[in-house]
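A short worksheet on the structure shown next.
In my numbering, the protein residues as written are 3 to 763.
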């Protein structure tokens, strides 16, 4: 109590302790700023607000308060309190009338208490109120007397039960309105929106429906947020992950953070999330948000090693910032969820990479598991590295007085002292993993990792969880821009293999259709369909084709070796059963077709002309060129690089007659596969089909080299080739077809044909 008697004391910061009580019987306190947040206070001294005539700022958030002390015992009050923070307590409706004893109140934060109503008569007396945060309560309405608060510019009331849109649009000074995660059904707007309105958040209101006129009016707002229409999910299986994010500007009304969220990244079995913090720079986080996902997608095509593609992404982003002329920099954290279809276990892997002070934590069994690291001067290895480069370290612990982070994007003029190399950590997700949080510097400066996990662990909605983190950080004193992304996980045991779901993989949220296996049964042999080029948007097999600036559509690929799955009575892959893409049906007497994102192409399609054009495509392939296709075949569980020679001529079609090469399979070698039609050298099969107008291009089967890669054989001797003039194409086709039918009848007897074919169309 002697501290309060000191007439010179103006500011007392006693937060983050274990105080149970404050001194009682206080007399004439000169304190202007009192911060007692994050303690164990059950109540404040009864005469604190009566005797503290000079008190302007009071923060008692994160305590156990159930009641507030009075500010006056009569009609007259001498309180000059302007900022009052009471977030995360146990305050009830009985506290609201006591607020009227502070007529000069400008900022009021009472989020995450037990308020059920806010009387209109009490709100009317707070005429000087400019900012109010009453989120996380059980309010059903905001009083209409809020119109008396002429200076009000920020109203935050998310995560309540508000059903009626408040009269906030009548306020001329209003800038920010957050009514997300409520029960709004309609929005009532004036003819003209407030001139200073910059942000309106209506997300998380499932009952809300807006007409066309209202949408047109609201689209004029700089930042208008509303839920996107949900796509129907035919499978009914639970989503593996769902996310929610929020951003909030600092005291200078400059949004210097950005968030990235892609529930369907590259395909529907991957996701990418990110948070970017530019400190006081607005442009850098926006550049990172728009660019890093594209860079990462390109790097994933080059390597599958998590650390390698993450490091390359950050280094390339550093180069792009320099190219854009951006001298300043920013912190960044990326989280990539991927599912390896070649892994028999079918696990999901979470890879986190960060520079600066943006960080990620994973909640596992209710405990925080850090996935990031901040490289600052306190790190001995970083301090040693910087001293080797003879950089200047100022008294406030910054490199050349610019930044205290030794690994951060940008700041190219500080290289090599400051580098963009991220900290990368990968972890396999388990059913014990509940969610993970990505946050900017402002979030982690205000909340500890344990506190963040505890705050949102019991919040069922990811958006509401992100909103809560942001609100808590602001009430705890954060004045910087804040960004938070919460990703809730549902990694169950059956998420690894979806065979029990009739071959339909558990969906990830998004708009992309799921891959479905269709078993074709009892189809005539001459009507076997080919895979459609329009299907395969979400194919599990990734292919990359490298030609002279040509990318082709979905085709059909197959393994050239017998399946490695032995059929027995315990094997789950029985004929006629639908399977997932991770465990396709692989039978010894049937040929397995797999969809691919690329097809083996030449200058001509199967009928000698392009499928869309009436003329051959010129300049795509030349004699001796090779097509490189990287194909994932689930049955063989190995990646192989296939190089196929393709020949074309302006005079017509070049047909190789050199079919007796030693590398070609002998007659009957593939008879156990039970395929229809003649097997091509490139691994695909041409079905015996009258309606299919094909001219066979016979190529040699490539020889396997050690290391799992294919190489094309030597080019056939020109004497063994002949050119079919265009005017004789029809006649040659008929001859070739008859020859092919005779061979197939001898090679594949009709009584051994399979009566069904499994394809993932």
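Every residue, glycine too, gets a C-beta built ideally from N, C-alpha and C.
Model, not experiment: these values are computed from the prediction.
Hey, residue 410 and residue 487: beta-carbon distance below 8 Å or not?
-> Residue 410 sits at position 408 when you count from the first residue of the chain shown. Residue 487 sits at position 485 when you count from the first residue of the chain shown. Residue 487 sits away from residue 410, with the two beta carbons spaced by 8 Å or more.
Is it buried or exposed for residue 168, if we count other Cβ within 10 angstroms and need 16 for buried?
-> As a working note, residue 168 is residue 166 in the chain shown. Residue 168 comes out buried.
Report yes if the C-beta distance between residue 403 and residue 332 is below 8 Å; otherwise report no.
-> Taking the first residue of the chain shown as 1, we reach residue 403 at position 401. Taking the first residue of the chain shown as 1, we reach residue 332 at position 330. No, these two residues do not count as a Cβ contact at 8 Å.
Between the Cα of residue 320 and the Cα atoms of 116, 309, 225, 293, which residue gives the shortest distance?
-> To locate residue 320, count along the chain shown from 1; it is residue 318. Residue 293 is the option with its Cα nearest to residue 320.
For residue 54, three-class secondary structure by DSSP = Locating residue 54 in the chain shown gives position 52, counting from the first residue. Three-state result, residue 54: coil.
Got a sec? Which residues, its chain only, sit under 7 Å from residue 217 by beta carbon, not counting five neighbours each side?
-> Residue 217 sits at position 215 when you count from the first residue of the chain shown. Answer for residue 217: no residue qualifies.
How far does the beta strand (DSSP E) with residue 97 in it reach, from first residue to last?
-> Taking the first residue of the chain shown as position 1, residue 97 is located at position 95. Unbroken run through residue 97: none, as it is neither H nor E.
Run of the beta strand (DSSP E) containing residue 448, from where it starts to where it stops = Counted from its first residue, the chain shown places residue 448 at position 446. Segment 443-448 is the alpha helix (DSSP H) holding residue 448; no beta strand (DSSP E) there.
Contacting residues, own chain, Cβ-Cβ under 6 Å from residue 133 (five flanking each side not counted) | As a first step, residue 133 is located in the chain shown; it is residue number 131 there, counting from the start. So the list reads 109, 156, once near-sequence residues are dropped.
Assign residue 273 to one of three DSSP states: helix, strand, or coil.
-> Here residue 273 is taken as the residue at index 271 of the chain shown, counted from 1. In the structure shown, residue 273 sits in a strand (DSSP, three-state: E or B).
Is residue 225 buried or exposed, if buried means 16 or more other CB atoms sit within 10 Å of its CB?
-> Here the question's residue 225 lines up with position 223 in the chain shown. The residue in question, residue 225, is exposed, as its Cβ has fewer than 16 Cβ neighbours within 10 Å.
Leaving aside the five residues before and after residue 652 along the sequence, list all residues of the same chain whose C-beta is less than 7 Å from its C-beta, in chain order.
-> Reading the chain shown from its first residue, position 650 is the one you call residue 652. Summary for residue 652: the model assigns pLDDT 40, below 50, so the residue's position carries little reliability; its value from the coordinates is reported in the next sentence. Excluding sequence neighbours, residue 652 sits near nothing in its chain.
Using 10 angstroms around the beta-carbon of residue 310, count the other beta-carbons present and answer buried if the total reaches 16, otherwise exposed.
-> What you label residue 310 is simply residue 308 of the chain shown in a count that begins at 1. Counting Cβ neighbours within 10 Å, residue 310 comes out exposed, since fewer than 16 surround it.
With DSSP run on the structure shown, which of helix, strand or coil describes residue 59?
-> Residue 59 sits at position 57 when you count from the first residue of the chain shown. Under the three-state reduction of DSSP, residue 59 is assigned to strand.
What is the C-beta distance between residue 256 and residue 359, in whole angstroms, given that I count them as a contact (C-beta under 8 Å)?
-> Translated into positions along the chain shown, residue 256 becomes position 254. Translated into positions along the chain shown, residue 359 becomes position 357. Rounded, the Cβ-Cβ distance is 18 Å, inconsistent with contact.
Rounded to a whole number of angstroms, what is the C-alpha to C-alpha distance between residue 352 and residue 283?
-> Your numbering for residue 352 matches position 350 in the chain shown. Your numbering for residue 283 matches position 281 in the chain shown. So the alpha carbons of these two residues sit roughly 29 Å apart.
Could you check the C-alpha separation between residue 607 and residue 735 for me, to the nearest Å?
-> Counting from 1 along the chain shown, the entry for residue 607 is found at position 605. Counting from 1 along the chain shown, the entry for residue 735 is found at position 733. Only weak support exists for where residue 607 lies, its pLDDT of 36 falling under 50; the value from the coordinates is given anyway. Cα-Cα distance, rounded: 14 Å.
Residues of its chain near residue 166, where Cβ-Cβ distance is below 7 Å and the 5 sequence neighbours each way are ignored = Position 164 of the chain shown, counting from 1, holds the residue named residue 166. Excluding residues within five positions, the ones whose Cβ falls inside 7 Å are 143.
Count the C-beta pairs between the stretch 271-278 and the stretch 380-396 that are closer than 8 Å, then say yes if the count reaches three, no if not.
-> Contact fails: fewer than three Cβ-Cβ distances are below 8 Å.
Could you give the C-beta distance for residue 67 and residue 45, rounded to a whole number, given that I count them as a contact under 8 Å?
-> Taking the chain shown and counting its residues from 1, the one referred to as residue 67 is at position 65. Taking the chain shown and counting its residues from 1, the one referred to as residue 45 is at position 43. Indeed, because the Cβ distance is near 6 Å, the residues count as touching under 8 Å.
To the nearest whole angstrom, what separates the beta carbons of residue 247 and residue 263, a pair I think is in contact under 8 Å?
-> As a working mapping, residue 247 is identified with position 245 in the chain shown. As a working mapping, residue 263 is identified with position 261 in the chain shown. The pair is a contact, with the Cβ atoms about 6 Å apart (cut-off 8 Å).
Bridge partners of residue 247, per DSSP?
-> Counted from its first residue, the chain shown places residue 247 at position 245. As DSSP reads the structure, residue 247 sits in a beta bridge with 487.
Determine which residues share a DSSP beta bridge with residue 339 and list them.
-> The residue given as residue 339 occupies position 337 in the chain shown. According to DSSP, which records beta bridges pairwise, residue 339 is partnered with 273, 352.
Give, in chain order, every unbroken run of the beta strand (DSSP E) that is at least 3 residues long and sits entirely within the stretch 158-191.
-> Counting only runs of 3 or more residues that sit fully inside the stretch 158-191, the beta strand (DSSP E) segments are 178-180, in chain order.
Anticipated Cβ contact below 8 Å, residue 153 with residue 130, distance rounded = Here residue 153 refers to the residue found at position 151 when the chain shown is read from its first residue. Here residue 130 refers to the residue found at position 128 when the chain shown is read from its first residue. Sure, about 6 Å apart at Cβ, within 8 Å.
Beta-bridge pairing of residue 425 - partner residues as DSSP gives them | The count along the chain shown starts at 1 and reaches residue 425 at position 423. According to DSSP, residue 425 bridges with 356.
Residue 423 versus residue 316 - alpha carbon distance = In the chain shown, the residue the question calls residue 423 occupies position 421. In the chain shown, the residue the question calls residue 316 occupies position 314. The straight-line gap from Cα to Cα measures roughly 7 Å.
How about the stretch 85-92 and the stretch 466-478: do they share at least three Cβ pairs that are nearer than 8 Å?
-> Yes, since at least three Cβ pairs between the stretch 85-92 and the stretch 466-478 fall closer than 8 Å, the two stretches touch.
Count the other CB atoms, across all protein chains shown, that sit within 10 Å of the CB of residue 380; report buried if there are 16 or more and exposed otherwise.
-> Looking up residue 380 in the chain shown gives position 378. With fewer than 16 other CB atoms across the displayed protein chains lying within 10 angstroms of its CB, residue 380 is exposed.
Quick one: what's got a C-beta closer than 6 Å to residue 308's C-beta in the same chain, skipping five residues either side?
-> Residue numbering aside, residue 308 sits at position 306 when the chain shown is read from its first letter. So the list reads 353, 428, once near-sequence residues are dropped.
Is the beta carbon of residue 51 sitting closer than 8 Å to the one on residue 71?
-> As a working note, residue 51 is residue 49 in the chain shown. As a working note, residue 71 is residue 69 in the chain shown. A contact, by the Cβ cut-off of 8 Å.
Residue 482 versus residue 122 - alpha carbon distance = Locating residue 482 in the chain shown gives position 480, counting from the first residue. Locating residue 122 in the chain shown gives position 120, counting from the first residue. Whole-angstrom Cα-Cα distance: 32 Å.
Pull up the DSSP beta-bridge partners for residue 316, would you.
-> Stepping through the chain shown from its first residue, residue 316 is reached at position 314. According to DSSP, which records beta bridges pairwise, residue 316 is partnered with nothing at all.
Look up residue 259 in the DSSP assignment and give the residues it is bridged to.
-> Along the chain shown, one-based indexing puts residue 259 at 257. Beta-bridge partners assigned by DSSP to residue 259: 279.
How close, in whole Å, do the beta carbons of residue 370 and residue 455 come, if the pair is a contact with beta carbons under 8 Å?
-> Within the chain shown, the letter at position 368 stands for residue 370. Within the chain shown, the letter at position 453 stands for residue 455. Contact between residue 370 and residue 455 holds: CB atoms are separated by about 5 Å, below the 8 Å threshold.
For residue 447, which option in 439, 29, 484, 295 has the closest C-alpha, if you only look at C-alpha atoms?
-> In the chain shown, counting from the first residue as 1, residue 447 sits at position 445. It is 484.
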